[in-house]
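Using my numbering, the first residue of the sequence shown is number 7, and each one after it goes up by one.
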Amino acid sequence: MTISQASITPGALWAGRGLSALIVLFMIFDGVIKLPPLDIVTQTMVQLGWPADADVSRMLGIIGLVSTALYAVPRTSVLGAILLTFYLGGAIATHARLGSPLFSHTLFGVYLGVILWGGLFLRDPRVRALIPFTADGRRYSPKRIKFRIRALSTHGG
Numbered sequence: 007m008t009i010s011q012a013s014i015t016p017g018a019l020w021a022g023r024g025l026s027a028l029i030v031l032f033m034i035f036d037g038v039i040k041l042p043p044l045d046i047v048t049q050t051m052v053q054l055g056w057p058a059d060a061d062v063s064r065m066l067g068i069i070g071l072v073s074t075a076l077y078a079v080p081r082t083s084v085l086g087a088i089l090l091t092f093y094l095g096g097a098i099a100t101h102a103r104l105g106s107p108l109f110s111h112t113l114f115g116v117y118l119g120v121i122l123w124g125g126l127f128l129r130d131p132r133v134r135a136l137i138p139f140t141a142d143g144r145r146y147s148p149k150r151i152k153f154r155i156r157a158l159s160t161h162g163g
């Protein structure tokens, strides 16, 4: 499947935009509260093993906000999704290291990542072209995946 074949229905497009908007709003909130930083942020960072340092909090807030901005812009959304995945991976690793409750704390970053990539899949034909499943559920062979990656690079995607 090439990018031009990865058509998106209006319903899928709006569902993708809705899921992406949820992630963008949550990450804006997450980043903005780290900028001042609020007392609750500093206290939580200490509980998670991070230093009670305003500069560290601001750095994490800026990284999250920049990654979110890249995700929100269609042209850079894939880069933003990758950066946000790294960011969420850090949160998952922090909670796993501390032995936080699995389903409510440790896997929260996974839940956000699934919504993040699901929203992008539904709204971006470039991502749909890379997913190794066909519409009828058949798996692509490695040879066909290589063809799709080559097709993406020749179409400027």
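Backbone N, C-alpha and C define an ideal beta-carbon position, used for all residues, glycine too.
Answer yes or no: do valine 133 and leucine 126 have a C-beta to C-beta separation smaller than 8 Å? Yes, Cβ-Cβ distance for valine 133 and leucine 126 is below 8 Å.
Taking 8 Å as the threshold, find out whether the region 62 to 72 comes into contact with the region 112 to 122 through three or more Cβ pairs. no
Three Cβ pairs or more, each shorter than 8 Å: is that satisfied between the region 40 to 51 and the region 72 to 89? no
If distances are taken between C-alpha atoms only, which option among Gly55, Tyr77 and Leu71 comes closest to alanine 99? Gly55
By the DSSP assignment, the alpha helix (DSSP H) with tryptophan 56 in it spans what residues? Taken as a continuous stretch (DSSP letters only), tryptophan 56 belongs to no alpha helix (DSSP H), as it is neither H nor E.
Reduced DSSP secondary structure (H/G/I, E/B, other) of serine 83: Helix.
Close Cβ partners of arginine 23 (< 7 Å) along its chain, the five nearest in sequence each way excluded: Arg129
Beta-carbon of proline 80 versus every beta-carbon of chain B: anything under 8 Å? Considering every chain present, this structure includes no chain B. It has just one protein chain.
Could you spell out where the alpha helix (DSSP H) holding isoleucine 121 opens and where it closes? 114 to 129
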